[in-house]
């Protein structure tokens, strides 16, 4: 399975997967519940910057550079979200909602960057195991949540790779020429993910 995990020795890397998941999800939940005001955009941006600054991804400004890389990978998601919100809701909620969505995604990416998929999967499964008495399949739910957390940042990176390949061939920065190649790459990733799940006995 393709992941964004990058080996490191920072405190977030060393933190157990379970508490780390709860910490990041709590921050994402708080950001998501902020009201749709202008100040929300600033707060969401500040939370993302602080999160990457103190995450211990590497020396110096490596955390901020990684945040910039994540934001660049998400630029089309940000544009689509902002434009659609502007059309239906107006400037203030559009900017606030786009900032909240972007902050939530880049904060979730911190989990993928600092946690191995196997460790995350085990942590979620252990947390859901008490619910098996109610008929919940903890292993399947853990796998679903892990794939969901990992997929959006991966697709963001795939989008950046498609754009870089087009730029290397001299193609113009045109959304119309971007959509079809990106859909092909995304579908290919879905097929690879399905094959990986099938190989692990998931039906």
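In this note's numbering, the protein residues as written are 122 to 324. Ideal Cβ placement from N, Cα and C applies to all residues, glycine included.
Residue i and residue j closer than 9 Å at C-beta
{"i": "residue 224", "j": "residue 280", "result": "no"}
{"i": "residue 149", "j": "residue 265", "result": "no"}
{"i": "residue 263", "j": "residue 242", "result": "yes"}
{"i": "residue 222", "j": "residue 199", "result": "yes"}
{"i": "residue 233", "j": "residue 126", "result": "yes"}
{"i": "residue 163", "j": "residue 152", "result": "no"}
{"i": "residue 289", "j": "residue 302", "result": "no"}
{"i": "residue 146", "j": "residue 136", "result": "no"}
Cutoff 7 Å; reference residue i; Cβ partners in own chain excluding five residues on either side
{"i": "residue 213", "result": "157, 158, 159"}
{"i": "residue 206", "result": "214, 215, 218, 219"}
{"i": "residue 197", "result": "280"}
{"i": "residue 253", "result": "259"}
{"i": "residue 283", "result": "299, 302, 303, 306"}
{"i": "residue 188", "result": "169, 170, 173, 227"}
{"i": "residue 291", "result": "none"}
Cβ neighbours of residue i in the same chain (closer than 8 Å, five flanking residues each side left out)
{"i": "residue 131", "result": "176, 177, 178, 179, 235"}
{"i": "residue 184", "result": "173, 174, 175, 176, 177, 178"}
{"i": "residue 257", "result": "249"}
{"i": "residue 203", "result": "215, 216, 219"}
{"i": "residue 128", "result": "134"}
Residues near residue i by beta carbon distance below 6 Å, same chain, minus five either side
{"i": "residue 123", "result": "Caution applies to residue 123, whose pLDDT of 44 falls short of 50 and renders its modelled position unreliable; the model cannot decide the point."}
{"i": "residue 138", "result": "236, 240, 241, 244"}
{"i": "residue 311", "result": "none"}
{"i": "residue 66", "result": "Residue 66 falls outside the range modelled here, since the chain spans only 122 to 324, and no answer is possible."}
{"i": "residue 209", "result": "none"}
Assumed close pair residue i, residue j - CB separation to whole angstroms, cut-off 8 Å
{"i": "residue 167", "j": "residue 161", "result": "Going by Cβ atoms, the distance from residue 167 to residue 161 rounds to 11 Å, so no, they are not a contact pair."}
{"i": "residue 230", "j": "residue 246", "result": "No, residue 230 and residue 246 are not in contact; Cβ-Cβ is about 22 Å, not under 8 Å."}
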